[in-house]
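A.B. asks:
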Amino acid sequence: IAGITQAPTSQILAAGRRMTLRCTQDMRHNAMYWYRQDLGLGLRLIHYSNTAGTTGKGEVPDGYSVSRANTDDFPLTLASAVPSQTSVYFCASSEGATNEKLFFGSGTQLSVL
Amino acid sequence: GQSLEQPSEVTAVEGAIVQINCTYQTSGFYGLSWYQQHDGGAPTFLSYNGLDGLEEKGRFSSFLSRSDSYGYLLLQELQMKDSASYFCADNYGQNFVFGPGTRLSVLP
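First to last, the protein sequences are chains L and X. Residues in the first sequence are numbered consecutively from 1, following my numbering. Residues in the second sequence are numbered consecutively from 114, following my numbering.
#1: Any contact between the region 73-83 of chain L and the region 3-21 of chain L? By contact I mean 3 or more CB pairs, one from each, below 8 Å.
#2: Which partner residues of G184/X appear in the DSSP bridge assignment?
#3: Taking the straight line between their C-alpha atoms, what separation do you get for D38/L and I46/L?
#4: Which residues in the same chain as M24/L place their Cβ atom closer than 6 Å to its Cβ, once the five residues preceding and following it in sequence are excluded?
#5: Taking the C-alpha atoms as reference points, what is the distance between F176/X and V126/X?
#6: Give the list of continuous alpha helix (DSSP H) stretches no shorter than 4 residues that lie fully inside the region 53-108 of chain L.
#7: Give me the Cα-Cα distance between Q109/L and S10/L, rounded to the nearest whole angstrom.
#8: So that I know if they touch, is there some Cβ in chain L lying closer than 8 Å to that of G171/X?
#9: N134/X versus chain L: which residues are under 8 Å apart at the beta carbon?
#10: Identify each residue in the region 144-175 of chain X for which the Cβ-Cβ distance to at least one residue of chain L is less than 8 Å, and report them in chain order.
#11: Quick one, are the C-beta atoms of Q149/X and A202/X less than 8 Å apart?
#12: Do three or more CB pairs link the region 174-188 of chain X to the region 92-108 of chain L at distances below 8 Å?
#13: Specify, as a first and last residue, the run of the beta strand (DSSP E) that M193/X falls within.
#14: Nearest by alpha-carbon distance to Y33/L: which of S87/L, D26/L and R44/L is it?
#15: Leaving out five residues on either side along the sequence, give the residues of the same chain with a beta carbon under 8 Å from the beta carbon of P83/L.
#16: Pop quiz: V60/L and S49/L are said to be a contact at Cβ under 8 Å. What is the actual Cβ separation, rounded to whole angstroms?
#17: Check F211/X in the structure and name its three-state DSSP category.
#18: Determine which residues share a DSSP beta bridge with E168/X and list them.
#19: So for F142/X, helix, strand or coil by DSSP?
Right under this line is the structure:
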């Protein structure tokens, strides 16, 4: 079944450690996104990529980095995790940057202690 | 900047009709989307309004008025499985901005 795969499903991480959340899509979508979801704050955009080779900052980019070496993969890296990065992280994709429909992965629950 | 506002909670009974409102303030606006998210799940796309007016999709309809910076999601013939959070979103430019979400509880 086509879609977006995120890994890991959940992770407990010590503060200060480096962590990469993986995201792969097989729909050949051009645009990909990383969101974090916190209770009462909805979904907030961390970084996005309109096409392979390009990335941009969203609303809450500090402490996170991304890369888009190819169409399918869009990993999110926390260089030195802090407790405020405890959240549920969703990767999403759309056919184009202005396409109205986002497809979401199943999410990664990350706890930073 | 952009911001979208929604009620935090709505409660209705099975079989009823409920309307979830969304108002937005944006420096640019492209269109209004709606997503459903069940507890522990991922958001899933419900509908999109690029133009003013009503879009109907079975039991769900969505409405947009650009002049009022306002839209809503209308759910008819409510079922227990409709209990979820509903988010409006503006796919402005290069990214999507989401509202804080409305938690809908459907009572028997």
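Idealized CB from N, CA, C, for every residue including glycine. Quick caveat, the model's predicted, so the values are computed rather than measured.
C.D. replies: Reading from the atomic positions:
#1: yes
#2: C135/X and L177/X
#3: 13 Å
#4: Checking the sequence shown, residue 24/L turns out to be Thr, not Met. Around T24/L: T5, D72 and D73.
#5: About 22 Å.
#6: Counting whole runs of 4 or more residues, the region 53-108 of chain L contains no alpha helix (DSSP H) stretch at all.
#7: 4 Å
#8: no
#9: By Cβ distance, chain L contributes nothing, its closest Cβ being about 15 Å from N134/X, past 8 Å.
#10: G144, S146, Y148, G154, A155, P156, T157, F158, Y161 and G163
#11: no
#12: no
#13: DSSP places M193/X outside any beta strand (DSSP E), giving it a letter other than H or E.
#14: Measuring from the Cα of Y33/L, the nearest candidate turns out to be R44/L.
#15: A15, V112 and L113
#16: Going by Cβ atoms, the distance from V60/L to S49/L rounds to 16 Å, so no, they are not a contact pair.
#17: strand
#18: E168/X is bridged to S175/X.
#19: coil
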